[in-house]
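Chains as they are written, first to last, in the numbering used here: chain Y, 4 to 351; chain W, 5 to 558. Even glycine gets a Cβ: it sits at the ideal position worked out from N, Cα and C. Take a look at the structure below.
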C-alpha cells in the first residue's frame, strides 16, 4: 500500500516544524527520513502514525484519506493499522514478551489460537522463539529491540514505522539489527518509513532516502543517487566525506585562482561548487586535471588509507582514499581529479 | 572503619554526640515501653496482654474501629487523589495546574484543626445551621471522621500518581495506540497497570497515617462513643485509673501495625516501580474532556475550594467570634480573644515555645540527617545504616506511641525530663528526624564522590572537604529537611498532648486543649497563628523544591 503526503505542514504555535512536505512512498518500499536533530523527521513520522495531526495538508494510505485538517479528517493511530518501533522500544514493563506482542491483537477480535500462532510466528521471525514468557527487564538491549520489532509485525500491519530504533545499541549489534530489519521488511513486503540520523544505517536499510533539514525535504533518491549526486553541500557533507572546490565556471572548465579544471559536462557560467569524493581522487603522474600537493597526514583505517594532501594551487586540502594494499605515499605527490568524478552541486 | 572515622576531624565528635544521642533517645523509650507492657508490681508478667485480650472494649473494639476507619479513609483518599492527579496531569480541565496547591492545603492544616472546622461548620448552632437553617451533615461520629481524614490524606495518592503520570514514558502509551488499542483500552491495559504501584503506595501511606491519627478521632468520634486505638491509648494513660501496662500493649500493637504498613510500602516502591523516566515528556497529548469539561471543572473546583478554603475560613471566623450561639453577624465579631491572650502573654508564650521547640528539633534533625547520611552513604558504616533505619522507624511510629514511650522513659529517674522543654524537644527530634535523614541521604547518593575526591586531590584536608564541598553541596536537602521538621513540629499535637505541661504549652497544644473542652473560639485564635506558620513554612518548601527540580509536572 502506498503512502502519500501532500503539502503536509506542522506548526507548534508560530514555529514551523514541517513545511509543506510532498512525498510519495511506493507499496512495499522502505523509505528512510534522515537529517540532523530538529529537522522535522520524527514529527513527519508521528503525523503518519496519527500520534499528532498535521496543521495543513493531506495524508493518504492507499486510497484512504487518514489526515486532512481542512476536511476535519483525523484518523487516530489505533485505526490506521500500523506497526511501530520506538526509540525507547516502549515495551510494557508489566507484561511478558508474549503479552507485549498480543495486546494489540487482543483488541482485534481474533481467537486465542490465532493470537498465539501469530505471536509465535512473529517471535520466531526475530529469533526469540523461546523467550515468550520472559519480562522486558530480563532481556538484553538487543533482545528488547527484537521484541519491539516482533510486536510491530505480529499485528500484520499495512504500514511499518521505525523511530530511530537502533540508536541505543552498540556498534556490532547495530549492524546486525540493521540487516535483520531489512530482511524482515523484505520478506513481509510492508510499506515502511524509517527515521534515523545515522547515514550508514540509512544506506544499509533503505530503498530510498529523503534528506530533511529545517522542516523541508532537500533531496529524495536511492542511497547511491544521494551519495554520488548530492543536490547541495549539506547533503554531500551529511553522506560520507566530501572535498569541495569553489570557483568560476566558464565553458567546460572551472577556474580556481590561476588553475583551471576540465569538466565532463559544461555547466552554466558563473560561481560553481564541485564535489569529489576522497576515493575518486587518484595518485597519478599523467592524465588531465593533475595537481601537485604535499602529504600532511596519513591515517591507516584498516581496509583503506586516508591522506590529507595540501594543494596550494587550489587553495585547499584534499582528502584522498586508497586501498591499504596500494603503495603508501609521502612528501610531494601528484594527484589526478578525473573529470567524470567531478560533480557539480546545485546550490553555489 | 575506626581509621576512616578518625580521619574526619570535627566530624567524629559531632557524629558521636548526635548519633549516640539519637540512638539513646530512640531505643531507651522503646525498651521502657516493652518493659512496661511486661511488668506489674515489680514482677515479670503477661497480665496486661491477657487483660487486653479478654476485654473487647480495650482491644477488639478500638482495633476494629481503627482498621475500618483507616481502610475507608485509604480507599476514598486514593480514589479521589488518583482522579484529581489524572485531571491535573492528563486532561484539559480548567485550572488544572493549580490543583496541587489546593490538595496540599488540607494536608498542611493539621487534622485536629480540620475536625474543629467541621464541628463549627456543621455542629449545633454552627455556621451552616445558623446561616442556612440546614443540617446537611452530622457533627460527630464515624462519617465525619472518615470525611475529615480523607480530605487530610488525599495528597499522598495525588502526589504519587501525578508524579508517576508525569514521568511515564509517553511512547509506552503511543505504542499501545499504534497497536490499535482505543483510548479507553490504553488507559485500562497500559496506563492503569503502570500506575498501580504508585496508587497502592498512596493507599498504604494514607492507611498508615490514618491509623496513627489522634486529634481528629478524639474530637470527632470519641464524643459519639466511637473509640479508636489512639483514643483508647490516650484514655488509658491520662484518665484515672491510669493503666500504663495496657496502654503500652496497645501502643506496641499500633506501632507494629504502622511500621508494617510503611515497610510494605517501601518494599512495594523498591520492587514494583515500572515508571521509566524518559528524556522527552509532554509529547503525550492531554485527554480532551469535551462536553464534560465545564461540569467537571465546576465539580472539581467546588470540592477543592470547600475542602481547602472552607476549613480555613471557618477557623478565622470562629477566632473572631464574640461568643458561641449568638450568630455570625458583624455585631458578634471581635478581636477580643487575641487582645486578651496578648495581654496575658499566653499567646506569645505559646508562640515562642512552639517556634523555639520546632527550630531546635529542626536543627538537631538536619544535623543528624547529615551525620546519618554521611555515615551510611560515604563511610558505609553500620552505625550510619542504623541511624538511617532508626530514623525511619521513629517516623513511622505514631506520635502518640512515641509520646507514651517518652513518658515511661523520662518521667522518673534515672532520666527525669518531664515538665521541661527537653522532653518535647527530644520527642520532636526523635519522631521527625527521619524527614531530615531521608532527603539528605538521597541527595548524597546522587552526588558523585569524585567531587569530594577532587577536593582532597587539590590539597584540602578531610575536615575542609566536608565543610567546603560536601555540606554546601547538600544545602538544598538539608534546608528542605530542616523546614519539613519545623512545619511538622509546629503542628504536632498527639505526642504534645502527653508531654506538654504547665509552662511548656505550644500553640497546637493550646488550641487542641481548648477544642477538647469545647471552647472553639479561644482555641481558634491559637490555631490561626499555628496554621499561618505551617502554611508559610510549606510555601517556602514548595518554592524551594520547585526551584531545585523544575516544575513538578506538565
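*Interfacial residues, the stretch 263-276 of chain Y to chain W, with Cβ spacing under 7 Å*: none
*Under a three-way DSSP split, which group does residue 32(W) fall into?*
helix
_Cβ-based contacts, 9 Å cut-off: residues of the stretch 180-194 of chain W near chain Y_ = 180, 181, 182, 183, 184, 185, 186, 187, 189, 190, 193 and 194
*Can you grab the Cα-Cα spacing for the pair residue 163(Y) / residue 493(W), in whole Å?*
59 Å
_Below 9 Å on C-beta distance, what does residue 81(Y) contact in chain W?_
180, 181, 182, 183, 184, 185, 186, 187, 189 and 190
*Under a Cβ-count criterion, where at least 16 other Cβ atoms within 10 Å of its own Cβ denotes burial, should residue 103(Y) be classed as buried or exposed?*
buried
*Going by the beta-carbon positions, is the gap between residue 400(W) and residue 272(W) smaller than 8 Å?*
no
_Can you pull the chain A neighbours of residue 173(W), defined as C-beta to C-beta under 7 Å?_
No chain A is part of this structure, whose protein chains are labelled Y and W.
*Show which residues of chain Y have a CB atom less than 7 Å away from the CB atom of residue 198(W).*
97
_Within 8 Å of any Cβ in chain Y, is that where the Cβ of residue 176(W) sits?_
yes
*Mind checking which residues open and close the beta strand (DSSP E) that includes residue 303(Y)?*
293-303
*chain W residues whose Cβ lies nearer than 7 Å to that of residue 111(Y)*: 184
*Beta-carbon of residue 10(Y) versus every beta-carbon of chain W: anything under 8 Å?*
no
*Residues from the stretch 32-52 of chain Y in contact with chain W, defined by Cβ distance under 7 Å*: 52
*Kindly indicate which three-state DSSP category residue 325(Y) falls into: helix, strand or coil?*
strand
*Tell me, please, whether the CB atom of residue 75(Y) is closer than 8 Å to any CB atom in chain W?*
no
_Below 8 Å on C-beta distance, what does residue 128(Y) contact in chain W?_
In chain order: nothing, as chain W lies at least about 17 Å away.
*asked:* Just verifying my parser: in three-state terms, what is the DSSP assignment at residue 313(W)?
replied: helix
*Roughly how many whole angstroms lie between the Cα atoms of residue 210(Y) and residue 31(Y)?*
10 Å
*Closer than 8 Å by beta-carbon distance: list the chain W residues that pair up with residue 332(Y), in chain order.*
Chain W residues near residue 332(Y): none, gap ~46 Å exceeds 8 Å.
*Host beta strand (DSSP E) of residue 246(Y) (start-end)*: 246-253
*Give a yes or no on whether the minimum CB-CB distance between residue 87(Y) and chain W is below 8 Å.*
yes
_residue 85(W) in three-state terms, based on DSSP_ = helix
*asked:* Can you pull the chain W neighbours of residue 158(Y), defined as C-beta to C-beta under 8 Å?
replied: 183 and 184
*Taking Cβ-Cβ distances shorter than 7 Å, what residues in chain W pair up with residue 366(Y)?*
Since the first and last residues shown for chain Y are 4 and 351, residue 366(Y) lies out of range.
*Going by DSSP, what residues sit across from residue 197(Y) in a beta bridge?*
35(Y) and 165(Y)
_Same chain, Cβ closer than 6 Å to residue 218(W), neighbours up to 5 away in sequence not counted_ = 234, 404 and 498
*Looking at the C-beta of residue 169(Y), does it have a partner C-beta in chain W at a distance below 8 Å?*
no
*Straight-line Cα distance separating residue 111(Y) from residue 495(W)*: 56 Å
*Give the straight-line distance between the Cα atoms of residue 543(W) and residue 111(W), rounded to the nearest whole angstrom.*
13 Å
*Is any beta-carbon of chain W found at less than 8 Å from that of residue 54(Y)?*
yes
*residue 461(W), buried or exposed, once every other Cβ within 10 Å from all chains shown has been counted against 16*: exposed
*Can you tell me whether DSSP reads residue 307(Y) as helix, strand or coil?*
strand
*With C-beta atoms as the reference, is residue 331(Y) less than 8 Å away from residue 312(Y)?*
no
*What does a CB cutoff of less than 7 Å around residue 25(Y) pick up in its chain, not counting 5 residues either side in sequence?*
8, 9 and 10
*So, do the stretch 130-144 of chain W and the stretch 502-516 of chain W have three or more beta carbon pairs nearer to each other than 8 Å?*
no
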